[in-house]
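*Asks:*
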Amino acid sequence: MARLLVTGGAGFLGSHLCGRLVELGHQVVCADNFSTGSRDNIRQLLAVPAFELIEHDVTLPLDLDVDGIYHLASPAAPIHYQNDPIRTTRTNVLGAINMLDLARSRGTRILQASTSEVYGDPEVHPQPETYWGRVNPIGTRSCYNEGKRCAETLFFDYWREARTEIKVARIFNTYGPNMHPDDGRVVSNFIVQAIRGEPLTIYGTGSQTRSFCYVDDLVDGLLRLMASPADFTGPANIGNPHEVTMIELAEHVLRLVGGGSKLEFRPLPSDDPRQRCPDISLMRAALGWRPRISLEDGLRQTVAYFQRRLATA
Ligand code: NAD
Ligand code: UDP
0 MARLLVTGGA GFLGSHLCGR LVELGHQVVC ADNFSTGSRD NIRQLLAVPA
50 FELIEHDVTL PLDLDVDGIY HLASPAAPIH YQNDPIRTTR TNVLGAINML
100 DLARSRGTRI LQASTSEVYG DPEVHPQPET YWGRVNPIGT RSCYNEGKRC
150 AETLFFDYWR EARTEIKVAR IFNTYGPNMH PDDGRVVSNF IVQAIRGEPL
200 TIYGTGSQTR SFCYVDDLVD GLLRLMASPA DFTGPANIGN PHEVTMIELA
250 EHVLRLVGGG SKLEFRPLPS DDPRQRCPDI SLMRAALGWR PRISLEDGLR
300 QTVAYFQRRL ATA
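Going by numbering that gives the first Met the number 0, the first residue of the sequence shown is number 0, and it counts up by one from there.
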């Protein structure tokens with residue numbers, strides 16, 4: 000049993016990770032500033048003695064007695080990270096420095112929740128970890144993409160300079176229960192719109208692709224990466240290589256939810272990647288990880304979650 004810090008633990012992914020770590024018998028300290036996360040996501044955990052919550056902003060230093068750090072604190076949805084872009088960069092860069100300083104001073108492992116956005120609008124498809132990406136450094140997504148790229152740089156410099164044990168996970172689009180109904184991400188938008196009988200908003204032509212991973216598979220990947228041998232730093236892609244267009248996703252959601260929603264086309268946001276699909280050969284070969292949950296099953300569970308949540312709202 001270890002005492003583990005999860006930054007951003009009250010968010011969508013963080014809340015699932017905290018739950019799994021507690022189930023595995025660990026003590027978990029969740030540090031969050033509740034900028035995009037919520038107490039609802041961790042309500043059941045708050046009653047568990049092995050779970051501790053501290054309200055903390057990772058742009059400030061933190062000193063805690065912990066045996067390992069999962070660093071997830073950062074807004075993740077485009078409307079959230081573009082809402083206050085300077086704060087997004089501060090969170091990603093200063094947050095990484097502060098949590099790396101904590102890892103170095105305690106001599107613990109630290110895992111970074113990086114992102115497929117480091118590949119930008121990719122010319123190499125699917126994306127292997129060896130691809131350096133094609134990122135606009137001055138656009139409206141740059142606060143997040145470049146913030147995450149700089150955080151990866153910091154992780155590898157701490158590893159080279161201070162021998163801090165790092166793990167860098169490049170997370171591809173993930174979905175599931177505890178997503179916020181208003182975070183503007185495509186899976187939550189389409190499901191909520193379909194349940195309410197509103198039109199499904201397709202940005203651009205809807206021919207752009209994404210590859211969606213169910214949250215349980217993602218958490219399993221993070222746990223395996225954290226437990227991997229010390230010399231396995233990543234970066235490692237974690238995602239589901241099943242690639243769909245946004246039109247196909249909309250049709251999937253409509254089939255599962257039913258109802259008579261139509262598709263409504265809206266302008267494509269700037270720098271929206273045209274295609275995205277992880278090459279997961281590294282995680283598969285090195286750690287035996289691959290996603291197990293199909294898009295159909297994952298969407299079914301997510302639809303059920305939003306139906307419950309919207310019924311009680
Ligand atoms: P989320 O917005 O639901 O969770 C992020 C959490 O971090 C929230 O609880 C928020 O309050 C907290 N946070 C933000 N800024 C903070 C700060 N300065 N100090 C302390 N806490 C802060 O997002 P998510 O989808 O759960 O994403 C979690 C992590 O995974 C993020 O780092 C994100 O970049 C990464 N990621 C997620 C996806 C995805 O598809 N969900 C894809 C790629 C990468
Ligand atoms: N998208 C869409 N309709 C929506 C929300 C998003 O067509 O209501 C598109 C968006 O333009 C992008 C894809 O869906 O091409 C995934 O968007 P999301 O914000 O979920 O994630 P990201 O762009 O960060 O991969």
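Cβ atoms here follow ideal geometry from the backbone N, Cα and C, with glycine treated the same way.
Could you check whether the Cβ of aspartate 56 sits closer than 6 Å to any heavy atom belonging to the ligand UDP?
*Replies:* no
*Asks:* Closer than 6 Å by C-beta to valine 134: which residues in its own chain qualify, once you throw out the five before and the five after it? Chain order, please.
*Replies:* Gly119, Asn144
*Asks:* Would the beta-carbon of glycine 3 fall within 7 Å of that of valine 21?
*Replies:* Note that residue 3 corresponds to leucine in the displayed sequence, not to glycine. No, the Cβ-Cβ distance between leucine 3 and valine 21 is not below 7 Å.
*Asks:* Less than 7 Å between the C-beta atoms of glycine 196 and glycine 258, yes or no?
*Replies:* yes
*Asks:* Which parts of the segment 228-290 are runs of the beta strand (DSSP E), unbroken and 3 residues or longer, counting only runs that do not cross its ends?
*Replies:* If one requires a minimum length of 3 residues, the beta strand (DSSP E) runs lying completely within the segment 228-290 are 235-237, 242-244, 262-265, in chain order.
*Asks:* Enumerate in chain order the residues of its own chain whose CB-to-CB distance from tyrosine 304 is below 7 Å, with the five nearest sequence positions on each side excluded.
*Replies:* Here the set comprises Pro176.
*Asks:* Could you give the DSSP three-state label for aspartate 31: helix, strand or coil?
*Replies:* Aspartate 31: strand per DSSP, three-state reduction.
*Asks:* Quick check on this structure: which residue in Asp100, His251, Leu61, Leu110 has the alpha carbon closest to the alpha carbon of isoleucine 170?
*Replies:* Leu110
*Asks:* Give, in chain order, every unbroken run of the beta strand (DSSP E) that is at least 3 residues long and sits entirely within the segment 62-132.
*Replies:* Restricting attention to beta strand (DSSP E) runs no shorter than 3 residues, the segment 62-132 encloses them at 67-70, 108-114, ordered along the chain.
*Asks:* Please work out which residues of its chain come closer than 7 Å, Cβ to Cβ, to valine 92, disregarding the five sequence neighbours upstream and downstream, and give them in chain order.
*Replies:* Gly146, Cys149, Ala150
*Asks:* Would you mind stating whether asparagine 172 and arginine 209 have Cβ atoms separated by less than 7 Å?
*Replies:* yes
*Asks:* Given arginine 184, which residues of its chain have a CB within under 6 Å of its CB, disregarding the five upstream and five downstream residues?
*Replies:* Ala76
*Asks:* Tell whether a beta-carbon distance below 7 Å holds between leucine 52 and cysteine 29.
*Replies:* Going by C-beta atoms, leucine 52 is nearer than 7 Å to cysteine 29.
*Asks:* Would glutamine 207 and methionine 245 be called neighbours here (beta carbons separated by less than 7 Å)?
*Replies:* Yes, Cβ-Cβ distance for glutamine 207 and methionine 245 is below 7 Å.
*Asks:* In whole angstroms, what is the alpha-carbon distance linking alanine 310 and threonine 107?
*Replies:* Roughly 43 Å separates the two Cα atoms.
*Asks:* Got a sec? Which residues, its chain only, sit under 7 Å from alanine 313 by beta carbon, not counting five neighbours each side?
*Replies:* Because residue 313 is not part of the residues shown, which for the chain are 0 to 312, the question remains open.
*Asks:* I want to check one thing, is the minimum distance from the CB of arginine 209 to the heavy atoms of the ligand UDP below 6 Å?
*Replies:* yes
*Asks:* I need the straight-line Cα distance from proline 277 to serine 227, nearest angstrom please.
*Replies:* 20 Å
*Asks:* Buried or exposed, going by whether 16 or more other CB atoms sit within 10 Å of the CB of methionine 0?
*Replies:* So methionine 0 counts as exposed.
*Asks:* Just to check my reading of the structure: isoleucine 68 and leucine 44 have Cβ atoms closer than 8 Å, yes? What is that Cβ distance to the nearest angstrom?
*Replies:* The pair is not a contact, with the Cβ atoms about 18 Å apart (cut-off 8 Å).
*Asks:* List the endpoints of the continuous alpha helix (DSSP H) containing valine 57.
*Replies:* Unbroken run through valine 57: none, as it is neither H nor E.
*Asks:* In chain order, what residues of the same chain lie with their CB nearer than 7 Å to the CB of arginine 38, ignoring the 5 residues before and after it?
*Replies:* Around arginine 38, the same chain offers Ala9 as residues with beta carbons nearer than 7 Å, after the five sequence neighbours per side are excluded.
*Asks:* For asparagine 236 versus isoleucine 292, is the C-beta spacing smaller than 7 Å?
*Replies:* no
*Asks:* Helix, strand or coil: how does DSSP classify valine 134 here?
*Replies:* coil
*Asks:* If we count the other Cβ atoms within 10 Å of its Cβ and call it buried at 16 or more, is serine 115 buried or exposed?
*Replies:* buried
*Asks:* Bridge partners for serine 210 per DSSP, in chain order?
*Replies:* Serine 210 is bridged to Glu242.
*Asks:* According to DSSP, is arginine 299 part of a helix, a strand, or is it coil?
*Replies:* helix
*Asks:* Are leucine 222 and alanine 168 closer than 7 Å when you measure CB to CB?
*Replies:* no
*Asks:* Between which two residues does the beta strand (DSSP E) harbouring alanine 168 extend?
*Replies:* 165-170
*Asks:* Among Asp83, Glu247, Leu63, Leu286, which one has its Cα closest to the Cα of phenylalanine 231?
*Replies:* Leu286
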